[in-house]
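Novice: If you're matching positions, the sequence shown starts at 199 in this note's numbering and goes up one per residue. Built from N, CA and C at the ideal position, the CB exists for glycine as well. Below: one structure in structure tokens.
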Amino acid sequence: MSEKAIPVGHIPSGLFIVCTVDDEGQKDGFLASWVQQVSFDPLLITMALKEGRVCYDHILAGKPFSINIVGDDQASYLRHFWKGYPSGQGPFDQIPHDISEHGTIKIKDAKSVIECKMLSSSKPGDHNLIVAEVIDGTELNSDVKPKTYIRKSGLDY
């Protein structure tokens, strides 16, 4: 392991379920940890997105997507999106959720949800760096604390 990668892994992040709904109503989502606010005005976030993720084409096409902020007591969601779900089952079949007026997924038990649209994308490394404008946001569960994550190394999730 590269010595310089160890402290990079110590940069704390949250854990998020990034979700899309395509034009045919197909729902998809994946577990993300590299999401960060980068501007106050306009309100912008950045997100790292690896090519091949289920939501990749949808997000790069500039369609609305949601970032559901996982609470510290929601390990089952993390397992569901990290390990996968049973064959023939949709990613949200067993997860209570709503579809917003923007057409994005709001997981009912999440701490909060941020709805976004991509403004720009670049690929400086093995992930695309997405800059997205926040088009809406809702705190769903005020009593829940956001889940934080610290990695052992900057060379692995």
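CA-CA distance, residue 324 and residue 279?
Specialist: 21 Å
Novice: Assess, as a yes-or-no matter, whether the stretch 287-303 is touched by the stretch 252-271 under the definition of 3 or more beta carbon pairs within less than 8 Å.
Specialist: yes
Novice: Take residue 350 and list the residues in its own chain whose beta-carbon comes closer than 8 Å to its own, dropping the five residues that flank it on each side.
Specialist: 204 and 207
Novice: Taking the beta strand (DSSP E) that residue 247 falls in, what are its first and last residues?
Specialist: 242-247
Novice: Taking C-alpha atoms, which residue in 224, 241, 221 and 216 lies nearest to residue 232?
Specialist: 216
Novice: Taking the beta carbon of residue 346 as the centre, do at least 16 other beta carbons fall within 10 Å, making it buried, or is it exposed?
Specialist: exposed
Novice: By Cβ distance below 6 Å, which residues in the same chain neighbour residue 241 in space, the five residues on each side in sequence not counted?
Specialist: 332
Novice: May I have a chain-ordered list of the alpha helix (DSSP H) segments no shorter than 4 residues that lie completely inside the stretch 261-317?
Specialist: At a cut-off of 4 residues, the continuous stretches assigned as alpha helix (DSSP H) that sit fully inside the stretch 261-317 are 273-281.
Novice: Where residue 243 and residue 308 are concerned, what is the direct C-alpha to C-alpha distance, given to the nearest angstrom?
Specialist: Each residue's Cα considered, the two are about 18 Å apart.
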